[in-house]
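Here is the structure we will look at, set down as structure tokens.
Residue numbers (UniProt numbering): 1 to 292.
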């Protein structure tokens with residue numbers, strides 16, 4: 001099939017898929033000025049390099065992308081070429097506009113998606129915390145892109161359902177790879193330390209076991225077993241210990257109220273904070289601040 005760029009509102013192939021802003025299979029044979037300026041994505045943008053080498057700036061960082069590499073950017077992230085033009089090569093991309101997506105990780109894809117609310121929340125969290133938007137050696141995405149292309153143009157029986165499922169598959173494949181690529185060839189203690197750093201930097205987030213497991217690319221059962229073996233605690237109890245240790249540091253700051261500290265360390269109320277703190281330390285936060 002020849003190259004194409006489909007735009008929502010202009011291409012009849014996308015008329016039944018209002019959440020698809022763009023879908024393209026594009027080959028660049030000549031460098032054209034101003035063909036790829038740096039700008040923010042309009043949605044979740046997944047771009048696969050099919051052929052060539054591309055020198056891009058993504059969210060203020062330089063990246064070199066090679067065949068089978070994938071860029072994965074959020075609506076608030078910028079992407080483009082510092083030269084303002086596409087390099088010679090071939091690529092495929094899709095831009096998906098969620099019903100709701102905030103930088104704090106709140107993600108609602110829309111009724112078209114069959115991904116559960118829990119998994120959408122995990123995906124949103126992983127994407128919002130992602131600092132490395134290039135996924136290396138993700139060849140599996142090419143077949144999914146090609147299948148979407150076939151369905152859009154052939155319009156055979158059930159193609160609308162099939163396209164929706166394929167985009168779910170593309171998103172899950174990319175995010176799974178994202179959560180695993182930093183942990184490849186790395187033992188669990190190193191992965192665990194990285195996870196703890198992420199938790200400490202985002203304590204106000206209402207972490208679930210599914211989200212924590214997703215960050216390190218494990219299922220919840222395997223993740224819980226590894227955390228228990230490594231730390232002696234279940235994931236949620238380990239998280240509570242981190243919250244309390246950070247709260248102890250903040251109690252030394254007289255400019256913060258107990259409610260401020262509770263919310264900043266991820267407790268849903270000052271009462272919850274106080275009861276948990278006393279259970280683990282033997283003191284209420286107020287007593288600890290006064291005596292210690």
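C-beta: ideal position from N, C-alpha, C; glycine also.
Only a predicted model underlies this, so the values are computations on that prediction, with no experimental measurement involved.
Could you pull the start and end residues of the beta strand (DSSP E) that residue i belongs to?
| i | result |
| --- | --- |
| residue 4 | 4-7 |
Using only the alpha-carbon positions, how far apart do residue i and residue j sit?
| i | j | result |
| --- | --- | --- |
| residue 251 | residue 202 | 18 Å |
| residue 148 | residue 163 | 6 Å |
| residue 277 | residue 98 | 39 Å |
| residue 77 | residue 261 | 30 Å |
| residue 64 | residue 86 | 13 Å |
| residue 270 | residue 93 | 47 Å |
| residue 274 | residue 204 | 16 Å |
| residue 49 | residue 245 | 44 Å |
| residue 160 | residue 17 | 8 Å |
| residue 114 | residue 165 | 7 Å |
| residue 7 | residue 96 | 12 Å |
| residue 229 | residue 190 | 14 Å |
| residue 62 | residue 51 | 19 Å |
| residue 47 | residue 287 | 55 Å |
| residue 130 | residue 172 | 15 Å |
| residue 133 | residue 13 | 29 Å |
| residue 158 | residue 200 | 46 Å |
| residue 233 | residue 242 | 11 Å |
| residue 124 | residue 80 | 23 Å |
Residues in the same chain with beta-carbon distance under 6 Å from residue i, minus the five sequence neighbours each way, listed in chain order, please.
| i | result |
| --- | --- |
| residue 82 | 57 |
| residue 180 | 217 |
| residue 90 | 27, 50, 51 |
| residue 267 | 273 |
| residue 45 | 73, 95 |
For the alpha helix (DSSP H) containing residue i, name the first residue and the last one.
| i | result |
| --- | --- |
| residue 99 | It is not in any alpha helix (DSSP H) - residue 99 carries neither H nor E in the DSSP assignment. |
| residue 281 | 270-281 |
| residue 354 | Outside the shown range of the chain (1 to 292) lies residue 354, about which nothing can therefore be said. |
| residue 285 | 285-291 |
| residue 132 | Taken as a continuous stretch (DSSP letters only), residue 132 belongs to no alpha helix (DSSP H), as it is neither H nor E. |
| residue 145 | 140-154 |
| residue 137 | Where residue 137 is concerned, there is no enclosing alpha helix (DSSP H), given that its DSSP letter is neither H nor E. |
| residue 178 | 159-181 |
Can you give me the Cβ contacts of residue i inside the same chain, cut-off strictly under 7 Å, excluding the 5 residues immediately before and after it?
| i | result |
| --- | --- |
| residue 238 | 227, 231 |
| residue 210 | 118, 122, 220 |
| residue 116 | none |
| residue 177 | 135, 138 |
| residue 213 | 219, 220, 223 |
| residue 103 | 76, 128 |
| residue 156 | none |
| residue 256 | 250 |
| residue 168 | 113, 114, 115 |
Looking only at its own chain, which residues have a Cβ that is under 8 Å from the Cβ of residue i, when we skip the five neighbours before and after it?
| i | result |
| --- | --- |
| residue 110 | 19, 98, 99 |
| residue 33 | 84, 85 |
| residue 184 | Since pLDDT at residue 184 reaches only 48, below the 50 mark, its modelled position is unreliable, and the value read off the structure follows with that caveat. Answer for residue 184: no residue qualifies. |
| residue 284 | 274, 277, 278 |
Here's the rule I'm using: 16 or more other beta-carbon atoms within 10 Å means buried, otherwise exposed. How should residue i be labelled?
| i | result |
| --- | --- |
| residue 222 | exposed |
| residue 253 | exposed |
| residue 206 | exposed |
| residue 36 | buried |
| residue 3 | exposed |
| residue 193 | exposed |
| residue 25 | buried |
| residue 1 | Per-residue confidence for residue 1 stands at a pLDDT of 49, beneath the threshold of 50, marking its modelled position as unreliable; the derived number appears in the next sentence. Exposed, by the Cβ-count rule. |
| residue 5 | exposed |
| residue 71 | buried |
| residue 41 | buried |
| residue 120 | buried |
| residue 55 | exposed |
ask   = For the stretch 22-96, which segments carrying the beta strand (DSSP E) assignment without a break, of at least 3 residues, lie completely within its bounds, in sequence order?
value = Counting whole runs of 3 or more residues, the stretch 22-96 contains the beta strand (DSSP E) stretches 44-52, 54-58, 61-65, 70-73, 78-80, 89-96.
inquiry  = Quick check for students: name the residue ranges of the alpha helix (DSSP H) that lie wholly in the stretch 188-265, counting only runs of 4 or more.
reply    = Within the stretch 188-265, the complete alpha helix (DSSP H) segments of 4 residues or longer fall at 188-201, 209-215, 220-231, 235-250, 258-264, listed in chain order.
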